[in-house]
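A short write-up of the structure that comes next.
In our numbering, the protein residues as written are 308 to 576.
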């Protein structure tokens with residue numbers, strides 16, 4: 308059942324407004340937008356009420372393809388960390404796919420997660436930490452020393468991202484919080500030309516020690532730098548087998564491509 312909409316709240320950290328409204332693209336869709344006024348609201352997330360397994364956006368479906376390929380037979384409960392909350396679209400899906408998952412969400416806006424869950428509740432709400440993602444895993448941070456099987460970085464979508472969240476030091480810290488078989492997923496967006504994306508991927512390759520343990524998945528026209536869009540970067544501590552890369556590509560969405568190793572290093576250059 309759809310909640311009463313629209314719903315709005317003022318976010319105290321940024322001073323922006325978070326708004327939940329009806330998304331007419333689907334039968335039971337709700338969209339979270341954040342901004343400073345009616346003409347400057349940016350869509351953040353889509354939630355399909357009553358169907359947490361439905362993922363509308365291309366980048367979320369690419370993340371799903373990576374996770375369902377790499378974590379088909381987990382040895383135990385999945386510990387997942389989400390840096391950046393939005394409307395919790397991926398945590399909702401992960402909670403259905405792995406009901407035993409222990410999930411933690413970090414967002415710098417004190418009101419956002421509670422606002423979303425009040426109007427769009429989850430079967431099992433994640434642990435919610437109000438913190439700066441750039442510091443939460445560092446020594447003295449709230450999650451310092453904890454290890455996670457899945458870490459999702461969904462914090463920025465353009466070259467305007469804060470330097471503290473795009474540095475090799477930040478990604479080294481995040482990678483250091485991964486468990487032995489863990490995977491980090493990063494959502495990034497860019498304009499045609501992909502200058503920001505190429506630079507950021509190069510930074511992650513530096514932090515990861517090379518391209519053999521990294522893959523990039525995106526629509527074909529985005530990888531060709533012909534259109535703006537989102538890309539998904541994944542780092543797996545144990546690396547990617549050719550069969551895994553093939554499975555991830557086959558899972559789609561299509562048209563799209565998956566780059567790793569030499570091909571990915573060449574894409575960044």
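We treat Cβ as the ideally placed atom computed from N, Cα and C, and that holds for glycine. Nothing here was measured: the structure is a model prediction, and the numbers come from that model.
Any idea what DSSP makes of residue 487, helix, strand or coil? The count along the chain shown starts at 1 and reaches residue 487 at position 180. Of the three classes helix, strand and coil, the one that applies to residue 487 here is strand, per DSSP.
Starting from the N-terminal side, write out each stretch of the alpha helix (DSSP H) that is 4 residues or longer and does not extend beyond the segment 521 to 545. 527 to 530
Do you know offhand how far residue 489's Cα is from residue 310's? Indexing the chain shown from 1 puts residue 489 at position 182. Indexing the chain shown from 1 puts residue 310 at position 3. Going from the Cα of residue 489 to the Cα of residue 310 covers about 36 Å.
Check whether the Cβ atoms of residue 577 and residue 412 lie closer than 7 Å to each other. Any question about residue 577 goes unanswered here, given that the chain covers just 308 to 576.
Segment contact, 8 Å Cβ cut-off, at least three pairs: the segment 475 to 491 with the segment 553 to 562: no
Taking buried to mean at least 16 other C-beta atoms within 10 Å of its own C-beta, is residue 369 buried or exposed? Here the question's residue 369 lines up with position 62 in the chain shown. Residue 369 is buried by the Cβ-count criterion.
Just curious, the alpha helix (DSSP H) that residue 370 is in, first and last residue? Start at 1 with the first residue of the chain shown, and residue 370 comes out as number 63. Taken as a continuous stretch (DSSP letters only), the alpha helix (DSSP H) holding residue 370 covers 365 to 377.
Near residue 529, what residues of its chain come up, given a Cβ to Cβ distance below 7 Å and the 5 sequence neighbours on each side ignored? Residue numbering aside, residue 529 sits at position 222 when the chain shown is read from its first letter. Here the set comprises 536, 538.
Could you give the distance in angstroms between the alpha-carbon of residue 569 and the alpha-carbon of residue 317? Numbered from 1 along the chain shown, position 262 holds the residue referred to as residue 569. Numbered from 1 along the chain shown, position 10 holds the residue referred to as residue 317. Whole-angstrom Cα-Cα distance: 46 Å.
Alpha carbon to alpha carbon, what distance is there between residue 330 and residue 385? Along the chain shown, read from residue 1 onward, the residue named residue 385 stands at position 78. Along the chain shown, read from residue 1 onward, the residue named residue 330 stands at position 23. One C-alpha to the other measures close to 31 Å.
In the DSSP assignment, what are the bridge partners of residue 429? Locating residue 429 in the chain shown gives position 122, where the first residue counts as 1. For residue 429, which the question treats as bridged, DSSP gives no partner whatsoever.
Whether or not the segment 501 to 513 and the segment 469 to 483 are in contact is what I'm after, with contact meaning three or more pairs of Cβ atoms, one per stretch, closer than 8 Å; do they touch? yes
Count the other C-beta atoms from every protein chain shown that fall within 10 angstroms of the C-beta of residue 417, then say buried if there are 16 or more, exposed otherwise. As a first step, residue 417 is located in the chain shown; it is residue number 110 there, counting from the start. Label assigned to residue 417: exposed.
Quick one: any contact between the segment 388 to 404 and the segment 460 to 470, if contact means 3 or more CB pairs under 8 Å? yes
Identify whether residue 479 lies in helix, strand or coil by the three-state DSSP scheme. As a working note, residue 479 is residue 172 in the chain shown. Residue state, collapsed to three classes: helix.
Alpha carbon to alpha carbon, how far is residue 404 from residue 354? Give it in angstroms, no decimals. The residue given as residue 354 occupies position 47 in the chain shown. The residue given as residue 404 occupies position 97 in the chain shown. So the alpha carbons of these two residues sit roughly 16 Å apart.
Proximity of residue 532 and residue 500 at Cβ, strictly below 7 Å: Looking up residue 532 in the chain shown gives position 225. Looking up residue 500 in the chain shown gives position 193. Closer than 7 Å, so yes.
So if DSSP puts residue 389 in a beta bridge, which residue, or which two residues, is it bridged to? Reading the chain shown from its first residue, position 82 is the one you call residue 389. Note: residue 389 sits in a beta bridge opposite 412, 459.
Delimiting residues of the alpha helix (DSSP H) encompassing residue 557: Mapped onto the chain shown, residue 557 falls at position 250. Residues 549 to 557.
Can you give the Cα-Cα distance for residue 521 and residue 397, rounded to whole angstroms? By one-based count along the chain shown, residue 521 stands at place 214. By one-based count along the chain shown, residue 397 stands at place 90. One C-alpha to the other measures close to 21 Å.
Is it a yes or a no for the segment 425 to 434 touching the segment 447 to 457, going by three-plus beta-carbon pairs under 8 Å? no
Residues bridged to residue 348 (per DSSP): Taking the chain shown and counting its residues from 1, one reaches residue 348 at position 41. Answer by DSSP bridge pairing, in chain order: 342.
Taking the beta carbon of residue 548 as the centre, do at least 16 other beta carbons fall within 10 Å, making it buried, or is it exposed? On the chain shown, position 241 is the one that residue 548 refers to. Exposed is the call here.
Using the Cα positions of residue 553 and residue 409, report the straight-line distance between them to the nearest angstrom. By 1-based counting over the chain shown, the position of residue 553 is 246. By 1-based counting over the chain shown, the position of residue 409 is 102. So the two alpha carbons sit approximately 29 Å from each other.
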